[in-house]
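Enquirer:
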Amino acid sequence: MTPELLDYVEQGGSVILLERDEVASARSRQVTAAPVDKPPENASHILKESLRLPFWPRWLRSNGNFIESHPALREFPHGDRPDYQMARLFGSGVNAVDLSTPDSIPRRKMQPVVWGLNLEDPKTPVPNFPAPQEFFYGSMITEASLGKGKVIICSLWVLDGIKRGYPEAGFLLDCLVDYQLTGTTDNQLPALTPEEANSLFQMK
Numbered sequence: 008m009t010p011e012l013l014d015y016v017e018q019g020g021s022v023i024l025l026e027r028d029e030v031a032s033a034r035s036r037q038v039t040a041a042p043v044d045k046p047p048e049n050a051s052h053i054l055k056e057s058l059r060l061p062f063w064p065r066w067l068r069s070n071g072n073f074i075e076s077h078p079a080l081r082e083f084p085h086g087d088r089p090d091y092q093m094a095r096l097f098g099s100g101v102n103a104v105d106l107s108t109p110d111s112i113p114r115r116k117m118q119p120v121v122w123g124l125n126l127e128d129p130k131t132p133v134p135n136f137p138a139p140q141e142f143f144y145g146s147m148i149t150e151a152s153l154g155k156g157k158v159i160i161c162s163l164w165v166l167d168g169i170k171r172g173y174p175e176a177g178f179l180l181d182c183l184v185d186y187q188l189t190g191t192t193d194n195q196l197p198a199l200t201p202e203e204a205n206s207l208f209q210m211k
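Positions 8 to 211 (my numbering) are the ones given, in order, by the sequence shown.
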């Protein structure tokens, strides 16, 4: 996010923010590379803090991913689940918007479109036993109002998928673009303030 782009959205513009990572998007499962005593660093190019969510859970773990009824994905085939039609767009995991904290800005002001629950602390580089008794809640496609405009944050590896010729990546981006061009919003949550946006997004 740049100051110019922030001002554009505040004045009524619509944007889509897309993540890109050729390495993470090329893998099909999580890889534990960090030392045990060093949690993985935030790898998002969009968010200052993110929640790592996979398509496939690590061994002896479980997770669940869901798709809300939302006009942006009305034409995209799904049965309320991001199943194999989105599996390749998860790569080894995506940098989702963290909605785990009830009173946080994202939880109060950012609407999940595609979201997931993971019964594992993503900041722990190796699985803990016993498992933590809480779910970590994140959104892979998220809508937020900002001033008079709106932002879609897509944490799925759409750009890398298009580069690799994945038809589902191109079609998903088409659906998001078409929705943003309507000028309407399905989001009923309060709009982000410029100060809140600055606290959430990587500013360049």
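C-beta: ideal position from N, C-alpha, C; glycine also.
Can you list, in chain order, the residues of its chain with a C-beta nearer than 6 Å to that of Ser107? Leave out the 5 residues immediately preceding and following it.
Expert: Locating residue 107 in the sequence shown gives position 100, where the first residue counts as 1. Around Ser107: Phe143 and Tyr144.
Enquirer: Compare the C-alpha of Val158 against each of Glu11, Val16, Thr9 and Pro10 and name the closest.
Expert: Mapped onto the sequence shown, residue 158 falls at position 151. Measuring from the Cα of Val158, the nearest candidate turns out to be Val16.
Enquirer: With a Cβ-Cβ cutoff of 7 Å, do Glu150 and Asn102 count as a contact?
Expert: Residue 150 sits at position 143 when you count from the first residue of the sequence shown. Residue 102 sits at position 95 when you count from the first residue of the sequence shown. For Glu150 and Asn102, no; Cβs fall outside 7 Å.
Enquirer: Measuring CA to CA, which of Lys55, Gly123, Ala94 and Gly100 is closest to Glu75?
Expert: As a working mapping, residue 75 is identified with position 68 in the sequence shown. Per the Cα distances, Gly123.
Enquirer: Glu11 and Ile53: beta carbons closer than 7 Å?
Expert: Within the sequence shown, residue 11 is the residue found at index 4, counting from 1. Within the sequence shown, residue 53 is the residue found at index 46, counting from 1. No, these two residues do not count as a Cβ contact at 7 Å.
Enquirer: So, for Ile148: in the same chain, excluding its five sequence neighbours on each side, which residues have a beta-carbon less than 6 Å away from its beta-carbon?
Expert: To locate residue 148, count along the sequence shown from 1; it is residue 141. Excluding residues within five positions, the ones whose Cβ falls inside 6 Å are Val120, Val121 and Cys161.
Enquirer: Whole alpha helix (DSSP H) runs in the segment 78-162 with 4 or more residues, listed along the chain?
Expert: Correct list: 91-97 and 112-116.
Enquirer: With a 10 Å radius around its C-beta and 16 neighbouring C-beta atoms as the bar for buried, classify Glu82 as buried or exposed.
Expert: Taking the first residue of the sequence shown as 1, we reach residue 82 at position 75. Its Cβ having fewer than 16 others within 10 Å, Glu82 is exposed.
Enquirer: Cα separation between Pro64 and Asn72?
Expert: Stepping through the sequence shown from its first residue, residue 64 is reached at position 57. Stepping through the sequence shown from its first residue, residue 72 is reached at position 65. Roughly 11 Å separates the two Cα atoms.
Enquirer: By DSSP, does Phe178 sit in helix, in strand, or in coil?
Expert: In the sequence shown, the residue the question calls residue 178 occupies position 171. The answer is helix: DSSP assigns Phe178 an H, G or I state.
Enquirer: Could you give the first and the last residue of the continuous alpha helix (DSSP H) run that contains Gly168?
Expert: Translated into the one-based positions of the sequence shown, residue 168 becomes position 161. Run containing Gly168: Val165 to Lys170, per the alpha helix (DSSP H) assignment.
Enquirer: Can you tell me which of the three DSSP states Ser21 falls into?
Expert: Within the sequence shown, numbered from 1, the residue matching residue 21 stands at position 14. If DSSP states are grouped into helix, strand and coil, Ser21 belongs with the strands.
Enquirer: Over the uninterrupted beta strand (DSSP E) stretch that includes Asn72, give me the two end residues.
Expert: What you label residue 72 is simply residue 65 of the sequence shown in a count that begins at 1. Looking at the DSSP string, the run of the beta strand (DSSP E) that includes Asn72 is Asn70 to Ile74.
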